[in-house]
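K.L.:
Residues in the sequence shown are numbered consecutively from 836, following our numbering. Using N, Cα and C, we set each Cβ at its ideal position, and we do this for glycine too. I have a structure here, written as structure tokens, and I will follow up with some questions on it.
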Amino acid sequence: MTAAASLEAMIDVHALRQQFPILAREVKGKPLVYFDNAATSQKPRLVIDALVNYYSQFNANIHRGIHSLAEEATAAYEATREAVRAFVNAASREEIVFTRGTTESINLVAYTWARQELKAGDEIIVSGMEHHSNIVPWQMLCAEKGTVLKVIPVTDNGELDMDAFRKLLSQRTKFVSVVQVSNALGTVNPVQQIIREAHAAGAKVLVDGAQSAVHLDIDVQALDADFFAFSSHKVYGPTGVGVLYGKKELLLAMPPFQGGGEMIKQVSFDGTTYADLPYKFEAGTPNIADTVAFKAAINFVNSIGKAAIRAHENDLLAYASERLKTIPGLRIIGQAKEKVSVISFVVDKVHPQDIGILLDNRGIAVRTGHHCAQPLMQRFGISGTTRASFALYNTREEIDALVSGLEKVIKMLL
Ligand code: C6P
């Protein structure tokens, strides 16, 4: 048995599926095949139970009350912060800021660090495979400050053109913001190398980990990332919770994001002082319940182990890639050497949306469209793709259902 196969054997998919109540339901009278995991993963019972338990047993506002419920809720909320710290190997819990999601985490950096540090003529580099949430905040900043946005081109097989990246780097480069794993192609980008080279040019780096955190081992210290952003809901956790990791010295020097309760030390009409890290960036009552339940998701992932998850998902990726190639007229967009379990494809003369609707009639959930990566679609000269993204609970049988469903759907549409 190969090392990968032995790791895969460690995942008992059929037992695991029992832990996800939603996987037992039917859609349009057919068993649900959920292949939209890159949009959001399904939640194991442990996470759902943690949410119910929070509201049933110790709901209270945090960091303010001295009564027992408030103390318990605060302890549970802060326990998630510690779990996240360990999950990404940050040096300290002060470096973990809770947000609403990756989008808000990136905006936080744009509105605070970048607004304070960047001036007209400074350059920001993003890549041609970014999600809109890692493009638009920087365009808004450029419009306000006169900074200049540069774009790393994407090659035909869906990788970053690293030589072009090196040519873009200069003394004017002050910030690089790149996605670690493309949501639309599945490409794993060499972010460690990008960070090293950007640092050598004197720039800070944000890594968009929205798609990577669920598949790859994340070690922000080994990466030497200045900022790292991701969302709970793509890591088997609840929606409405995100993480911004930032190096302590950067967070300390940054102005607050939003003003309000929780983020202050002392308020008077003569002046206000701000709370210590990370609370300076967490104004108002946060999403306590979902944050508390996010810890159950992290424990769930840790209990299986990313290596075993990856081995299983890589098997699904290889199997699906081979099977999809047998469909006439189907072209996979994104053939990078390093990929996670995301397959985007187009079919000659067939609109992705029609495929999505007809697959849904067969109980198969895929995502169709531009995947919030319109510049990437423009790069490939297409309006969108059909995307199937696999998680640890998916099976080869489900891929068989996708392939036979696709064959029938394409016949109907041609
Ligand atoms: N991508 C997808 O179906 P939020 O919505 O804030 O949790 O995450 C935004 C985001 C940022 N970066 C990347 C690489 C992403 O993939 C996403 C979310 C979903 O691909 C919804 S468009």
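#1: Tell me the rounded alpha-carbon separation between phenylalanine 1116 and alanine 1033.
#2: Specify the secondary structure class of glutamate 861 as computed by DSSP and reduced to three states.
#3: Over what stretch of residues does the beta strand (DSSP E) that includes alanine 850 continue unbroken?
#4: If you reduce the DSSP assignment to three classes, tell me which class lysine 1160 lands in.
#5: Which same chain residues end up closer than 7 Å to glycine 1094 when comparing Cβ atoms and leaving out the 5 residues on each side of it in sequence?
#6: Go ahead and pull the three-state DSSP assignment for asparagine 895.
#7: For ligand 1, any of its heavy atoms closer than 6 Å to the Cβ of alanine 874?
#8: Among residues of its own chain, excluding the 5 on either side of aspartate 996, which ones have a beta-carbon nearer than 8 Å to its beta-carbon?
#9: In terms of alpha-carbon separation, which member of Gln1015, Lys1002 and Arg880 lies closest to phenylalanine 1135?
#10: Measure the alpha-carbon distance for glycine 1072 versus serine 1138 and round it to whole angstroms.
#11: Under the three-state reduction of DSSP, which class applies to methionine 836: helix, strand or coil?
#12: Taking only runs that begin and end inside the segment 901-962, name each unbroken beta strand (DSSP E) of 3 or more residues, in chain order.
#13: Within the present structure, is the beta-carbon of serine 962 separated from the nearest heavy atom of ligand 1 by less than 6 Å?
#14: Classify asparagine 1229: buried if its beta carbon has 16 or more other beta carbons within 10 angstroms, exposed otherwise.
#15: Using the Cβ count rule (16 or more neighbours within 10 Å means buried), how would you classify proline 1090?
#16: Could you spell out the range, first to last residue, of the alpha helix (DSSP H) harbouring leucine 1004?
#17: Taking C-beta to C-beta, are glutamine 1170 and asparagine 992 nearer than 7 Å?
#18: Between arginine 1222 and aspartate 998, what straight-line distance do the alpha-carbon atoms span, to the nearest angstrom?
#19: Please state whether the Cβ-Cβ distance between valine 1040 and alanine 1060 is less than 7 Å.
#20: Using DSSP's beta-bridge definition, name the partner residues of glycine 1081.
#21: Hey, is aspartate 1043 close to ligand 1, as in C-beta under 6 Å from one of its heavy atoms?
#22: So, with DSSP's three-state summary, where would you put leucine 1277?
#23: With respect to 6 Å, is the separation between the Cβ of glutamine 1046 and the closest non-hydrogen atom of ligand 1 below this value?
#24: Just the Cα atoms here: how many angstroms apart are histidine 898 and threonine 915?
#25: Taking valine 862 as the reference, give the member of Ala1200, Gln1213, Arg1214 and Phe1225 with the closest Cα.
#26: Apply the 10 Å Cβ neighbour rule to glutamine 1028 and answer buried if 16 or more other Cβ atoms are within range, or exposed otherwise.
#27: Buried or exposed: where does glycine 1219 fall if 16 or more other Cβ atoms within 10 Å of its Cβ makes it buried?
#28: Would the segment 1142-1161 count as touching the segment 1194-1212 if we require 3 or more Cβ pairs under 8 Å?
#29: Taking leucine 873 as the reference, which of Thr934, Ser1067, Arg852 and Arg1214 has the closest Cα?
#30: For ligand 1, is there any heavy atom lying closer than 6 Å to the beta carbon of threonine 937?
#31: For arginine 1202, list the residues DSSP reports as bridge partners.
#32: Could you compute how far the alpha carbon of glutamate 965 sits from the alpha carbon of glutamine 1046?
#33: Verify the contact flag: histidine 1050, CB atom, against every heavy atom of ligand 1, threshold strictly below 6 Å.
#34: Per DSSP, which residues does proline 866 bridge with? Please list them.
#35: Name the two residues that bound the continuous alpha helix (DSSP H) containing phenylalanine 1135.
#36: Inspect the beta-carbon positions of glutamine 1143 and isoleucine 846 and report whether they are closer than 7 Å.
P.N.:
With the structure as the only source:
#1: As a first step, residue 1116 must be located in the sequence shown, where it is residue number 281. As a first step, residue 1033 must be located in the sequence shown, where it is residue number 198. About 26 Å.
#2: The residue you call residue 861 lines up with position 26 of the sequence shown. Strand.
#3: To locate residue 850, count along the sequence shown from 1; it is residue 15. Membership of alanine 850 in any beta strand (DSSP E) is not indicated; the residue belongs instead to the alpha helix (DSSP H) covering 848-852.
#4: Taking the sequence shown and counting its residues from 1, one reaches residue 1160 at position 325. Correct three-state label for lysine 1160: helix.
#5: One-based indexing of the sequence shown puts residue 1094 at position 259. Excluding residues within five positions, the ones whose Cβ falls inside 7 Å are Ala1118.
#6: Residue 895 sits at position 60 when you count from the first residue of the sequence shown. The question names asparagine, but residue 895 is alanine in the sequence shown. Reduced to three states, the DSSP call for alanine 895 is coil.
#7: Numbered from 1 along the sequence shown, position 39 holds the residue referred to as residue 874. Alanine 874 Cβ: within cutoff of ligand 1.
#8: Stepping through the sequence shown from its first residue, residue 996 is reached at position 161. Excluding positions up to five away in sequence, the list reads Ile987, Pro988, Val989 and Thr990.
#9: The residue labelled residue 1135 in the question sits at position 300 within the sequence shown. Taking the Cα of phenylalanine 1135 as reference, the smallest distance to any Cα among Gln1015, Lys1002 and Arg880 is reached at Arg880.
#10: Within the sequence shown, numbered from 1, the residue matching residue 1072 stands at position 237. Within the sequence shown, numbered from 1, the residue matching residue 1138 stands at position 303. One C-alpha to the other measures close to 14 Å.
#11: Within the sequence shown, numbered from 1, the residue matching residue 836 stands at position 1. For methionine 836, the predicted structure reports a pLDDT of 42, less than 50, and the residue's modelled location is therefore unreliable. A value from the coordinates is still provided. Coil at methionine 836, not helix or strand.
#12: Fully enclosed beta strand (DSSP E) runs of 3 or longer: 931-934 and 958-962.
#13: Here the question's residue 962 lines up with position 127 in the sequence shown. Checking the Cβ of serine 962 against ligand 1 gives no.
#14: The sequence position of residue 1229 within the sequence shown is 394, counting from 1. Counting the other Cβ atoms within 10 Å of the Cβ of asparagine 1229 gives 16 or more, which makes it buried.
#15: Residue numbering aside, residue 1090 sits at position 255 when the sequence shown is read from its first letter. Burial check for proline 1090: the Cβ neighbour count within 10 Å stays below 16, so the residue is exposed.
#16: Translated into positions along the sequence shown, residue 1004 becomes position 169. Segment: none, leucine 1004 is in no alpha helix (DSSP H) and carries neither H nor E.
#17: Taking the sequence shown and counting its residues from 1, the one referred to as residue 1170 is at position 335. Taking the sequence shown and counting its residues from 1, the one referred to as residue 992 is at position 157. Yes.
#18: Here the question's residue 1222 lines up with position 387 in the sequence shown. Here the question's residue 998 lines up with position 163 in the sequence shown. Distance between the alpha carbons of arginine 1222 and aspartate 998 is about 29 Å.
#19: The residue labelled residue 1040 in the question sits at position 205 within the sequence shown. The residue labelled residue 1060 in the question sits at position 225 within the sequence shown. Cβ atoms of valine 1040 and alanine 1060: closer than 7 Å.
#20: Residue 1081 sits at position 246 when you count from the first residue of the sequence shown. Partner(s): Phe1062.
#21: For the purposes of this step, residue 1043 is taken as residue 208 along the sequence shown, with counting starting at 1. The answer is yes for aspartate 1043.
#22: The structure shown does not extend to residue 1277, since the chain is modelled only from 836 through 1249, so no value can be given for it.
#23: What you label residue 1046 is simply residue 211 of the sequence shown in a count that begins at 1. At least one heavy atom of ligand 1 is nearer than 6 Å to the Cβ of glutamine 1046, so yes.
#24: Translated into positions along the sequence shown, residue 898 becomes position 63. Translated into positions along the sequence shown, residue 915 becomes position 80. Straight-line Cα distance between these residues: approximately 14 Å.
#25: Position 27 of the sequence shown holds residue 862. That would be Ala1200, whose Cα lies nearest to the Cα of valine 862.
#26: Working through the sequence shown from its first residue, we reach residue 1028 at position 193. Counting C-beta atoms within 10 angstroms of its own C-beta, glutamine 1028 has fewer than 16 neighbours from the protein chains shown and is therefore classed as exposed.
#27: As a first step, residue 1219 is located in the sequence shown; it is residue number 384 there, counting from the start. It is buried - the Cβ of glycine 1219 has at least 16 other Cβ atoms within 10 Å.
#28: Contact fails: fewer than three Cβ-Cβ distances are below 8 Å.
#29: Here residue 873 is taken as the residue at index 38 of the sequence shown, counted from 1. Contrary to the premise, residue 873 reads as alanine rather than leucine in this sequence. Taking each of Thr934, Ser1067, Arg852 and Arg1214 in turn and checking the Cα distance to alanine 873, the smallest one comes out for Ser1067.
#30: Taking the sequence shown and counting its residues from 1, the one referred to as residue 937 is at position 102. For threonine 937, the shortest C-beta to heavy atom distance toward ligand 1 is below 6 Å.
#31: Mapped onto the sequence shown, residue 1202 falls at position 367. As computed with DSSP, arginine 1202 is found in a beta bridge with Arg1222.
#32: In the sequence shown, the residue the question calls residue 965 occupies position 130. In the sequence shown, the residue the question calls residue 1046 occupies position 211. Glutamate 965 and glutamine 1046: Cα-Cα distance of roughly 11 Å.
#33: Numbered from 1 along the sequence shown, position 215 holds the residue referred to as residue 1050. No; taking the cut-off as 6 Å, the Cβ of histidine 1050 has no heavy atom of ligand 1 nearer than that.
#34: Counting from 1 along the sequence shown, the entry for residue 866 is found at position 31. Beta-bridge pairing links proline 866 to Glu861.
#35: As a working note, residue 1135 is residue 300 in the sequence shown. 1123-1139 is the span of the alpha helix (DSSP H), which, as asked, contains phenylalanine 1135.
#36: Start at 1 with the first residue of the sequence shown, and residue 1143 comes out as number 308. Start at 1 with the first residue of the sequence shown, and residue 846 comes out as number 11. Position check: residue 1143 holds alanine in this sequence, whereas glutamine was assumed. Result yes, Cβ atoms of alanine 1143 and isoleucine 846 sit closer than 7 Å.
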